[in-house]
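Quick note on my numbering: the sequence shown kicks off at 59 and runs consecutively.
C-beta atoms are modelled at their ideal positions from N, C-alpha and C, and glycine is treated no differently.
For reference, the structure is listed below as structure tokens.
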Amino acid sequence: MTRKQLFQQVLAKFRETMPVAETELEYRSPYELLVAVILSAQCTDKRVNIITPPFFKRFPTVELLAGAAQEDVFELIRSCSYPNSKTKHLIGMAQTLIRDYSGELPGAVDELMKLPGVGRKTANVIASIIFKQPTLAVDTHVFRVSDRLGLTQNAKNPFDAEKQLTKYIPEDLRAIAHHWLILHGRYVCTARAPKCGSCRFTEWCSYYRKTQGAKV
């Protein structure tokens with residue numbers, strides 16, 4: 059099987075088994091999604107969705123967040139991972155948006171990455187969901203699942219994996235493919251004790267072949 063054929067079959071199976079796939083972060087505006095994605099780094103979406111309602115009640119706009127005191131932001135997000143650094147990133151992000159972008163999120167990935175707390179993964183998420191660009195964010199779930207299924211080969215880092223994935227995933231499928239891979243990694247192909255018995259992708263999975271002795 060060629061690599062192109064592998065991608066076609068895996069994507070077809072995802073389309074069949076998961077026709078609807080979207081972010082599990084709760085948001086009502088581009089500003090709210092950006093805050094939620096920054097908070098989600100090494101933190102579960104479930105935890106973020108607990109934090110954000112009181113956060114947005116206190117800071118409903120980027121302008122209010124830009125003028126926030128660090129202790130006030132920290133108190134609201136202290137239950138997430140790395141609250142000290144995320145506090146600085148959130149306030150810095152808001153201040154940069156006000157100063158350099160008139161309070162509006164830029165649409166270009168490179169411009170988004172100029173915001174404090176926004177790396178390539180976060181920028182790709184915003185570009186994909188808010189601006190409908192054919193970007194594909196690679197987080198730990200996407201990286202792991204893509205490697206196990208053979209979609210990526212010896213990817214050295216998330217950017218390397220992103221380049222391999224976007225080479226074979228059509229532009230119109232990249233947004234949903236990102237969510238397919240994340241959700242599969244979050245609920246089935248977990249880092250520890252993956253649920254191979256309920257996985258529909260074992261025929262392509264190198265991890266399954268190695269651990270279960272399956273023959274493809």
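Inclusion of L170 and V93 in the CB contact set at 8 Å is not warranted, their separation being larger than that value. Annotated as proximal: V200 and I240, with beta-carbon spacing under 8 Å.
Annotation for I109: L97, L134, I135, S137, C138 place their beta carbon closer than 8 Å to its own, counting only its chain and skipping 5 residues before and after. When C-beta atoms of the stretch 178 to 195 are compared with those of the stretch 227 to 236, three or more pairs fall below 8 Å, so the two segments count as touching. Cβ contact annotation for F132 (same chain, cutoff 6 Å, sequence separation greater than five): P141, T145, in chain order. Cβ-Cβ distances below 6 Å link S143 to nothing in the same chain once the five nearest sequence neighbours on each side are left out. With 16 or more other Cβ atoms from the protein chains shown falling within 10 Å of its own Cβ, V183 counts as buried. Pairwise C-beta distances place the stretch 82 to 92 in contact with the stretch 103 to 118, as three or more of them are shorter than 8 Å. The alpha helix (DSSP H) runs of length 4 or more contained entirely in the stretch 93 to 169 are, from start to end of the chain, 103 to 116, 120 to 124, 128 to 135, 141 to 159. Per DSSP, the continuous alpha helix (DSSP H) segment holding R202 begins and ends at 198 to 207.
In this structure, L223 keeps its C-beta atom at 8 Å or more from the C-beta atom of L69.
The straight-line gap separating the alpha-carbon atoms of C263 and E229 is approximately 24 Å.
Excluding residues up to 5 positions away in sequence, nothing lies with its Cβ nearer than 7 Å to the Cβ of K221 in the same chain.
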